[in-house]
Amino acid sequence: MPTTCGFAQETRVLERVRRSVASLGHRVIDGIWRTGTVARFFVRLLASSGPSFQRFGLVMREVYFTGVLSLVIIIVSGLFIGMVLGLQGYETLQKYGSTEAIGVLVALSLVRELGPVVTGLLFASRAGSAITAEIGLMKVTEQLSAMDMMAVSPMSRVIAPRFWAGVISMPLLAALFSCMGVFGGYIIAVVIIGVDNGVFWSQMQASVDFRYDVLNGVVKSFVFGIAVAVIATFEGYDAPPTAEGVSRATTRTVVNSALTILALDLILTSLMLRGGT
Amino acid sequence: MERTTIDLWFGAFVAAGFAALLVLSLKVGNLGAERSGDSYRVEARFDNIGGLKVRAPVRSAGVTVGRVADIHFDNARYQADVTLAIDKRYSFPKDTSASILTSGLLGENYVGLEAGGDDHKLKAGDRIAITQSAVVLERLIGQFLFSKAQEEPAAANGKLPQPPGAPK
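Protein sequences appear in the order of chains A and B.
The opening position of the first sequence corresponds to residue 1 in our numbering, with each subsequent residue numbered one higher.
The opening position of the second sequence corresponds to residue 1 in our numbering, with each subsequent residue numbered one higher.
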């Protein structure tokens with residue numbers, strides 16, 4: 001009796017292990033499959049983005065929704081992050097008696113890293129999720145199918161303008177973010193703590209290089225903009241046409257964008273800093 | 001009517017973005033203030049440049065007067081060949097000396113110029129003859145220990161070899 005009971009239990013355990021391994025494999029295969037689909041979607045998107053430049057008004061409308069309406073959150077968070085950097089940096093630099101390097105610390109960390117990355121994350125959650133929800137809802141209410149019926153390509157009429165709006169907005173938002181951050185650091189370090197104004201700027205200018213730091217930051221934010229825009233439009237276009245499907249797609253946009261931005265940031269940084277200086 | 005407001009917002013947004021980029025490159029990155037067109041290049045050989053990097057400032061009396069333009073290793077002399085780009089507004093006597101200094105305890109290395117008394121001025125392509133290398137902390141500590149050991153013969157037993165650079 002006990003042997004059969006033990007045997008049955010063993011099979012159950014084995015079955016559970018088999019299922020978890022199978023689901024893991026299923027997830028991996030699904031991920032690879034999705035990557036391929038995203039690549040195909042991206043190529044189709046580029047191929048059908050001609051009309052969005054002929055009718056640039058469409059892109060401008062989307063830049064208004066994704067870029068201009070994100071200005072408040074970008075400017076406010078840039079200011080706060082710069083202020084926090086100023087406070088924290090001062091606290092640490094004070095121990096080494098080199099508080100005049102605070103300008104360098106604030107400017108370099110903002111221009112190189114925090115500007116593009118935090119703007120990308122904010123942009124994904126503020127604008128990317130909205131794009132996904134909008135396109136997903138258009139799909140649920142069969143507006144995309146209706147367009148197809150009328151021989152209007154939803155790819156070039158709905159999706160490409162949103163993609164290009166994201167690509168245009170991201171670098172500008174990141175530049176504004178870094179700018180506000182430096183200003184926030186200036187407020188804390190110079191106005192409130194009382195680091196010398198001239199030293200603050202001259203140390204910053206001596207260490208921040210236009211090509212290595214400012215331009216690389218712009219390149220980063222441009223790449224992040226492409227990534228977020230592709231993920232947001234794809235998840236919307238690919239969403240199952242149900243309320244639950246749209247909500248899941250929106251969540252996936254934010255999560256996947258964040259992960260992609262951070263992974264791309266590691267790759268880009270290692271490529272950019274390889275030369276030294 | 002709708003279109004015009006959008007146009008306005010779009011224009012304002014793009015203008016603000018580019019203004020931010022401009023501020024970043026001019027105010028933060030200091031682009032434009034150091035074109036190589038209005039500078040002249042002089043060379044200096046150092047035995048050891050420490051942590052000096054390309055684009056490090058060249059200072060005289062604490063004022064930045066130029067940048068390090070190029071650093072390479074001279075394989076014939078086993079020395080570092082440093083090219084300094086000095087602003088055209090400033091001219092220095094021919095017997096100016098160059099030394100590698102550090103700003104603050106944790107600061108960056110820079111090249112300090114000490115003006116001499118020669119009537120002739122440094123011209124483009126000239127070489128600064130009198131140079132002083134960077135202070136390497138390990139060597140400094142080593143010298144300090146050797147000189148300490150020499151001061152106390154009981155501890156050193158008078159058998160320690162005298163380092164070449166130790167003060168007598």
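Virtual Cβ for every residue (Gly too), placed ideally from N, Cα, C.
Treat the numbers as computed from the prediction; the structure is a model and nothing was measured.
- No Cβ-Cβ contact shorter than 9 Å links V106 (chain A) with G31 (chain A).
- Look at A85 (chain B) here: in three-state DSSP terms it is strand.
- By the rule that beta-carbons nearer than 9 Å mark a contact, P57 (chain B) touches chain A.
- With fewer than 16 other Cβ atoms from the protein chains shown falling within 10 Å of its own Cβ, R18 (chain A) counts as exposed.
- The C-beta separation of P93 (chain B) from G116 (chain B) comes to about 5 Å, placing the pair in contact by the 8 Å criterion.
- By the CB criterion at 9 Å, T250 (chain A) and G136 (chain A) fall inside the cutoff.
- Taking 9 Å as the cut-off, the Cβ atoms of R67 (chain B) and S39 (chain B) count as close.
- Not flagged as an interface residue toward chain B: D196 (chain A), since no C-beta distance is shorter than 9 Å.
- Spanning the alpha carbons of G245 (chain A) and Y237 (chain A) requires a straight line of approximately 11 Å.
- Comparing alpha carbon positions, the residue from B:F10, B:S133, B:R59, B:F73 closest to N48 (chain B) is B:S133.
- A Cβ of chain A is located within less than 9 Å of the beta carbon of T64 (chain B).
- For F53 (chain A), the closest of A:I168, A:A232, A:G86 by C-alpha to C-alpha distance is A:I168.
- Listed in chain order, the alpha helix (DSSP H) elements of length 4 or more contained wholly in the segment 98 to 183 of chain A are 102 to 108, 115 to 123, 129 to 140, 143 to 149.
- Among the residues of chain A, those whose CB is under 7 Å from the CB of S25 (chain B) are F210, V214, following chain order.
- For I71 (chain B), no CB of chain A lies under 9 Å from its own CB, so it is not counted at the interface with that chain.
- By the Cβ test, the segment 119 to 137 of chain B is not in contact with the segment 60 to 78 of chain B, since fewer than three Cβ pairs between them sit closer than 8 Å.
- Residue environment: I131 (chain A) is assigned as buried (16 or more neighbouring CB atoms within 10 Å of its CB, all protein chains considered).
- Beyond the five residues adjoining it in sequence on each side, G82 (chain A) comes within less than 7 Å, by CB distance, of V106, L110, M180, G181, V182, F183, G184, G185 in the same chain, given in chain order.
- Within chain A, the C-beta atoms nearer than 8 Å to that of D7 (chain B) come from M60, in chain order.
- Under the DSSP assignment, Y110 (chain B) falls in the beta strand (DSSP E) whose first and last residues are 109 to 114.
- With fewer than 16 other beta carbons inside 10 angstroms of its own, D118 (chain B) counts as exposed.
- Under the three-state reduction of DSSP, R45 (chain B) is assigned to strand.
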